[in-house]
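Comments concern the structure below.
Number of protein chains: 2
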Amino acid sequence: MNKRRRVIRRAISIAILAAALGFGAAQPAGSQRNQTGGADPLPSWNDGAAKRGIIDFVSRVTRAGGPDFVPVADRIATLDNDGTLWVEKPLPVEVYFLFARVRELAAKDPSLKERQPFNAAIEGDAAYFHEAGKKAVLELFVATETGMDQEQFAAEARHFIEKWRNPKLDRRFTELAYQPMIELLAYLRRSGFQTWICSGGTIDFLRVFAPQIYGIPVDQIIGTELKLESRMVDDRLVVWRLPGIEAINDKEGKPVGIDRQIGKRPILVAGNVGNYGDVAMMQYSKGRRGPSFQLLINHDDAAREFAYGEKDNASLNAAKKYGFTVVNIKSDWKTVFGVGQAAAAK
Amino acid sequence: MNKRRRVIRRAISIAILAAALGFGAAQPAGSQRNQTGGADPLPSWNDGAAKRGIIDFVSRVTRAGGPDFVPVADRIATLDNDGTLWVEKPLPVEVYFLFARVRELAAKDPSLKERQPFNAAIEGDAAYFHEAGKKAVLELFVATETGMDQEQFAAEARHFIEKWRNPKLDRRFTELAYQPMIELLAYLRRSGFQTWICSGGTIDFLRVFAPQIYGIPVDQIIGTELKLESRMVDDRLVVWRLPGIEAINDKEGKPVGIDRQIGKRPILVAGNVGNYGDVAMMQYSKGRRGPSFQLLINHDDAAREFAYGEKDNASLNAAKKYGFTVVNIKSDWKTVFGVGQAAAAK
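In order, the protein sequences belong to chains A and B.
Take the first sequence: its position 149, counted from the start at 1, is 149 in the working numbering, and no numbers get skipped.
Each position in the second sequence, counted from 1, maps to that position plus 346 in the working numbering.
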């Protein structure tokens, strides 16, 4: 027994050492050797300030004994989802889910067609929602996604997303993730980071696809939350979805959501230009005592994805002021989309 | 390189196998071989229905290919804290923290001594709070634990708890944990479970001691939550504590808290007789499709700890009705307290 335990102990020590050296985990598909002889952790990224900044930061915080070393327990990364990890245009996927639900309801109650925002949802009128903003989306949300328990909701959301295709790109939900960000997630996890989603989307919808697409477990997702209550249904306790919003996880709500679920400032965050949704989360990370790194993705590639910004350039201005690293899709990403479903295996 | 990677792969395979067989992790202090030759995972538990029930359940859900096998991702355990993992008498530790804070405030504002519940807090009048209940405690809480940022709060709470001793048992906070429960946590984690705290105490106070005492990270703690907001202080974004309660994580609030932070029904839960606080969480676990196990701790040992129950016996009645497993401290626990601080190393 003692000999057996010694052998096992030695095996574990080797495994831990191997993991620490970065050999333990599988390399992402398509990884290549770089000039220094190591595997390139981000093969879909062009060489440039963003890629070099990421690799430099990860190297510094993982170098044991170095001045910027961060213990594994504090290697927290939080990443926005829509527009950061996957496509958010013409509208975020979840909005199409709401549209589909409104159409189902309108089949039973045709009077919905006479009222906004329901008519715009039935017509799939993206311009209306760009104009009316988040408030109109939340109105749809409360009208269509409540009055059921959490398990019923998950089944409905799964049913929708498995059939749906992005109307402009004609891609399945599994094919909408940005390949460079999938590589970043894998690289961070191999480097001992926890990778959390921190999204303005609703937590329950995110939970339906994030494990499969990003390899992120359902308990590492922070999102907008409905009001909920415990309820006995047929002598079984269920968590019931009430018609109201508990917390909007966007803008200044994101640091609060991170504090509630993680309890630590993230050392690395990623967000995107679009609705100024991620600047507060980046400032929160930047305010950490110790090293931190913030990535802001700029959608400037109409040919391969979508090109959009903000009227007042607020996110890019904040990046300049606070020293966030800007990722320009056009020049920084060699590849935008992968082959889909690859992430689930990582 | 290829040979090196093969060696490392083999080492990892052995380590994984060893972990699956339960050899990988350190055994808890005082572990002994049992009659079948394996290490006893719960040496501070007397042989009885509770201990046998736990070991039988863990064996069934971890047996690959068995009818009750549960994948690692679904091996979620949620455990109450006060009265389940550590002592909650004469009053929960956090209440003594509130008392100390009220005394500090009263030193600046003597008029507090004229008002309840402040006078009772200053006098350390446990009987008053047993009578006035949770509402009076929350009033103290809002009056004393808000108007600062999360990092200031954590520093104050840490400062308090490191000096404090339980007035009846004359033990430090690290010596108040139940040794049988520390062993249970270690056994569950070695068996691939995530061990979460789900407490009526406030999440921010729990975060100050749970990692050290239980080896539970701050992001696996569910508790009562204050209202919070993002705020810029000296050009640094902080999360600010507002004077209001966001969510009470007790009774029917516990399944909601679990859904928000974990997103899965727990397969194992532990709570205690005292204020009917854990029955909803147990029903929620019981309502899972698939195997589940519920432990209800009954405080019947005035000699070694405290003896208390509920006037209407509601928790014990629920245990009988729903089939929860009752742990009687007097007969089920060989040892109640360990040597303190042992858990941090596990």
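Ideal Cβ placement from N, Cα and C applies to all residues, glycine included.
| query | result |
| --- | --- |
| Span of the beta strand (DSSP E), counted from its first residue to its last, around residue 243/A | 236-247 |
| Whole beta strand (DSSP E) elements within the segment 180-215 of chain A, 3-residue minimum | 194-202 |
| Any C-beta of chain A under 7 angstroms from that of residue 608/B | yes |
| Complete alpha helix (DSSP H) runs within the segment 496-525 of chain B (minimum length 4 residues, chain order) | 496-509 |
| Reduced DSSP category for residue 55/A - H, G, I as helix; E, B as strand; rest coil | helix |
| Range of the contiguous beta strand (DSSP E) that encloses residue 144/A | Counting along the chain, residue 144/A falls outside any beta strand (DSSP E), though it belongs to the alpha helix (DSSP H) covering 134-144. |
| Distance between residue 598/B and residue 232/A (C-alpha atoms, nearest Å) | 10 angstroms |
| Beta carbon of residue 422/B nearer than 7 angstroms to that of residue 612/B | yes |
| 8 angstroms Cβ shell around residue 379/B - same chain, five flanking residues per side excluded | Model confidence at residue 379/B stands at a pLDDT of 47, short of 50, so the residue's coordinates are unreliable and nothing is read from them. |
| Same chain, Cβ closer than 6 angstroms to residue 293/A, neighbours up to 5 away in sequence not counted | 57, 268 |
| For residue 569/B, three-class secondary structure by DSSP | strand |
| Residue 426/B in three-state terms, based on DSSP | coil |
| Backbone CA spacing between residue 675/B and residue 508/B [nearest angstrom] | 27 angstroms |
| Opposing strand residues paired with residue 270/A [DSSP bridges] | 79/A, 295/A |
| Residue 275/A - containing beta strand (DSSP E), residue span | No beta strand (DSSP E) holds residue 275/A; DSSP gives it neither H nor E. |
| Test item: CB-CB of residue 559/B and residue 523/B under 7 angstroms | yes |
| Own chain partners of residue 48/A with C-beta closer than 7 angstroms, once the 5 adjacent residues on each side are dropped | 331, 332 |
| Of the residues 627/B, 550/B, 651/B, 565/B, the one placed nearest residue 516/B, counting alpha carbons only | 651/B |
| Opposing strand residues paired with residue 328/A [DSSP bridges] | 298/A |
| Nearest candidate by alpha-carbon position, reference residue 592/B, set 520/B, 570/B, 582/B | 570/B |
| Reference residue 431/B; option with closest CA among 626/B, 419/B, 545/B | 545/B |
| Residue 399/B versus 530/B, 535/B, 446/B, 518/B, residue with shortest Cα-Cα distance | 530/B |
| Under 8 angstroms from the C-beta of residue 386/B: neighbouring residues of chain A | None at all; the shortest Cβ gap to chain A is about 15 angstroms. |
| Cut-off 8 angstroms between Cβ atoms - residues of its own chain near residue 100/A, not counting five sequence neighbours on either side | 160, 164 |
| Below-7 angstroms beta-carbon distance, residue 291/A vs any chain B residue | no |
| Chain-order list of residues whose beta-carbon lies under 8 angstroms from that of residue 627/B (same chain, five-residue window excluded) | 424, 426, 544, 600, 601, 604, 612, 615, 617 |
| Per-residue burial, residue 450/B [other beta carbons within 10 Å of its own, 16 or more giving buried] | exposed |
| Residue interval of the alpha helix (DSSP H) (run including residue 70/A) | Residue 70/A -> no alpha helix (DSSP H), and no H or E assigned at all. |
| Beta carbon of residue 230/A nearer than 7 angstroms to that of residue 273/A | no |
| Residue 308/A, enclosing alpha helix (DSSP H) - first and last residue | Run containing residue 308/A: none; DSSP gives neither H nor E here. |
| Cβ-Cβ distance between residue 173/A and residue 94/A below 7 angstroms | no |
| Sequence-distant residues of its chain with Cβ nearer than 6 angstroms to residue 28/A (five each side left out) | Reliability fails at residue 28/A, whose pLDDT of 41 lies under 50, so the model's placement of it is uncertain and the value that follows must be treated cautiously. Answer for residue 28/A: 183, 186, listed in chain order. |
| 8 angstroms Cβ shell around residue 448/B - same chain, five flanking residues per side excluded | 458, 464, 467, 468, 486, 489, 490 |
| CB contact flag (residue 553/B, residue 572/B, <7 angstroms) | no |
| Any C-beta of chain B under 7 angstroms from that of residue 259/A | yes |
| Residue 524/B: contacting residues in chain A (beta-carbon distance under 8 angstroms) | Chain A residues near residue 524/B: none, gap ~24 angstroms exceeds 8 angstroms. |
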